[in-house]
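Residues 1 to 454 (the UniProt record's numbering) make up the sequence shown, in order.
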Amino acid sequence: MRWEAVIGLETHVQLATRSKLFCGCTTAFGSPPNTQTCPVCLGLPGALPVLNRAAFELAVRAALALGAEIPSETRFDRKHYFYPDLPKGYQISQLDRPFSRGGGVTLDDGSTIRLRRVHLEEDAGKLVHAAERSAVDLNRAGVPLIEVVTEPELRSAAQAHAYLTALKAILRAVGVSGCDMEKGELRCDVNVSLRPAGADALGVKAEIKNLNSFRYAVRAIEAEIRRQAALLDGGGRVAQETLLYDVERDATAPMRSKEEAHDYRYFPEPDLRPVSVDAAWVERVRASLPELPRARRDRFVREFGLAAYDAGVLVADGGLADFFEAVPFADKKVVANWVTNDLLRLDDRSRVTPEALGELLGLLSAGTITGATAKRLLRETAETGRLDAAGMEAVSDLDAAAEAVVAEHARPAAEFRAGKEKALQFLIGQLMRRLKGRADPAAAAEALKRALTR
């Protein structure tokens, strides 16, 4: 039988605040274990939470960027479960009155993945597993998260990847989160079920937890589709359960039976009042949103004549798109080519400024330097933080000097023309001596080759 996959994603995104959601502890990454805690995030008796206004504003900012509606009132709920990394025995989250509803993410193919909700919650701690024991680090407990929940309308692992890529670009563009997956700032849970192709009813779903890279998310979805298809083809039934993805086996494995909402014994958080959301304030937040990635990509294609792929590479990283627009060089196609290729190849591009790249492209456009010299100068600028093109020989002067060297050294020139490559090295040395080292060796070699073919 032909099966159709039905996929829903729940993406947890850490908000870019300096302090936690309900206390003043720092959210800084990389501190020694259990050094960023207080009675509130440890759940000690008598400690009361206070909502972080900055976190709430970032959450609303994210929801608005995703096209969601913000109701006039929202509240928090307690979600109860027992796990070593949850010191209170419950998580402060949102159930039936989240701060936003609806919205969607439009993909490059024009399709839109609808959102069910975006809600605000606190993160749990982190378990560090060793061979014979597990340790608990509660630095992350209480860090503010938004959970972005899709409707179950994705149909493939590739579509899930496209959705996650678009979502990450939007959230980074509006400054909500760095979305650094290596730091755990973006993680996703995947719900997968199969149904006969063309059917309307949903199958039994399994949830794959804590996927911390897009590549693993794709592989986990593909593995789970294979598992469920094999199970159903063999006459078996899919159990509603929570799974983990085993990278080495490229397979999913049971973790526990899948919980329903009532298993968590939700009830309103008694220590936090409902939050009234002022409509005028929401509109001010909306007005502060920058141009979103899809609109920016379309503008780059329309205004600058960029290829859709190049424009997509630029807007996938908001900082890269800002850099591109700030380069003071008129031909934006040339700028895009250098930014998406040569600049991105650098191990560390933080020292290269838009002004430096603009000056470099100006020298290249004027014929003052060759492409090879420009690439070398870009690498040097990345290392030193300054562009030093002073003393570089102009291309026209380089060609004249190369012709003079060829004329003065007729024998090695003839040997090179006869196929002896080593003769070129002698000529390069003579040219560099003539120019007192003011030319790029690669550019000198190119100039000599031009002179030798005339």
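A virtual CB, placed ideally from N, CA and C, is assigned to each residue, including glycine.
Bounding residues of the beta strand (DSSP E) (the contiguous stretch that carries residue i)
i	result
methionine 432	That residue, methionine 432, is in no beta strand (DSSP E); its alpha helix (DSSP H) goes 422 to 434.
aspartate 137	134 to 137
arginine 379	From DSSP, arginine 379 is part of no beta strand (DSSP E) but of the alpha helix (DSSP H) over 371 to 384.
valine 105	104 to 106
glycine 77	According to the sequence as given, residue 77 is aspartate; it is not glycine. First-last of the beta strand (DSSP E) with aspartate 77: 77 to 80.
alanine 5	3 to 14
aspartate 189	186 to 196
valine 50	No beta strand (DSSP E) contains valine 50, which DSSP labels as neither H nor E.
arginine 116	112 to 122
tyrosine 90	90 to 93
Residue i, DSSP secondary structure in three states
i	result
glutamine 240	coil
threonine 165	helix
isoleucine 70	coil
glutamate 222	helix
glutamate 182	helix
valine 247	coil
phenylalanine 214	helix
arginine 61	helix
lysine 449	helix
valine 128	strand
aspartate 412	At residue 412 the sequence reads proline, which differs from the aspartate that was named. Note: proline 412 maps to helix in three-state DSSP.
glutamate 403	helix
arginine 286	helix
arginine 227	helix
proline 274	coil
proline 268	strand
arginine 101	strand
Below-8 angstroms beta-carbon distance, residue i vs any chain E residue
i	result
phenylalanine 329	The structure shown contains no chain E; it is built from a single protein chain.
Closest by C-alpha distance to residue i, when choosing among the options
i	options	result
serine 93	Tyr264, Glu355 and Glu359	Tyr264
lysine 205	Gln228, Pro196 and Ala279	Gln228
valine 182	Leu211, Glu283 and Val176	The question names valine, but residue 182 is glutamate in the sequence shown. Out of Leu211, Glu283 and Val176, Leu211 has the C-alpha closest to the C-alpha of glutamate 182.
glycine 24	Leu431, Asn34 and Cys38	Cys38
valine 50	Leu346, Pro32, Ile7 and Leu21	Leu21
aspartate 322	Val105, Phe267, Pro293 and Asp233	Pro293
leucine 145	Leu115, Glu151 and Glu57	Glu57
glycine 203	Trp3, Glu121, Gly318 and Ala418	Trp3
alanine 59	Asp399, Arg411 and Arg286	Arg286
aspartate 397	Thr106, Ala443, Trp338 and Lys420	Ala443
leucine 44	Leu377, Gly234, Leu86 and Phe329	Leu86
valine 128	Pro84, Ser111, Leu289 and Leu120	Pro84
threonine 112	Leu167, Ala135, Gly198 and Asp96	Leu167
leucine 194	Gly184, Arg155 and Thr106	Arg155
glutamate 415	Leu387, Leu452, Leu431 and Phe304	Leu452
glycine 46	Lys126, Pro270, Val238 and Gly184	Pro270
serine 19	Gln36, Gly236 and Met1	Gln36
glutamate 185	Asp250, Ala124 and Trp338	Ala124
Enclosing alpha helix (DSSP H) for residue i [first to last residue]
i	result
leucine 145	Careful: leucine 145 lies outside any alpha helix (DSSP H), inside the beta strand (DSSP E) at 144 to 150.
valine 301	293 to 304
leucine 42	39 to 42
Distance cut-off 7 angstroms: residue i Cβ against heavy atoms of the ligand PLP
i	result
aspartate 397	Ligands displayed in this structure: none; no statement on the ligand PLP is therefore possible.
Self-check item: alpha helix (DSSP H) runs wholly inside the region 311 to 367, at least 4 long, in chain order
Solution: 318 to 326, 332 to 337 and 354 to 365
Self-check item: Meets three-Cβ-pair contact criterion under 8 angstroms: the region 9 to 18 and the region 136 to 144
Solution: yes
Practice problem: Take every Cβ of the region 163 to 171, pair it with every Cβ of the region 75 to 89, and state whether three or more of those distances are shorter than 8 angstroms. | Solution: no
Quiz item: Is it true that the region 353 to 364 meets the region 410 to 429, where meeting means three or more beta-carbon pairs spaced less than 8 angstroms apart?
Solution: no
Exercise. Assess, as a yes-or-no matter, whether the region 167 to 180 is touched by the region 243 to 253 under the definition of 3 or more beta carbon pairs within less than 8 angstroms.
Key: no
Quiz item: For the 8 angstroms Cβ check, are there 3 or more pairs between the region 93 to 108 and the region 55 to 71?
Solution: yes
Self-check item: Three-pair Cβ contact test at 8 angstroms for the region 82 to 93 versus the region 309 to 319
Solution: no
Practice problem: Determine contact between the region 446 to 454 and the region 398 to 407, defined as no fewer than three beta-carbon pairs at a distance below 8 angstroms. | Solution: yes
Quiz item: Can at least three beta-carbon pairs, one atom from the region 274 to 281 and one from the region 294 to 304, be found at a separation below 8 angstroms?
Solution: no
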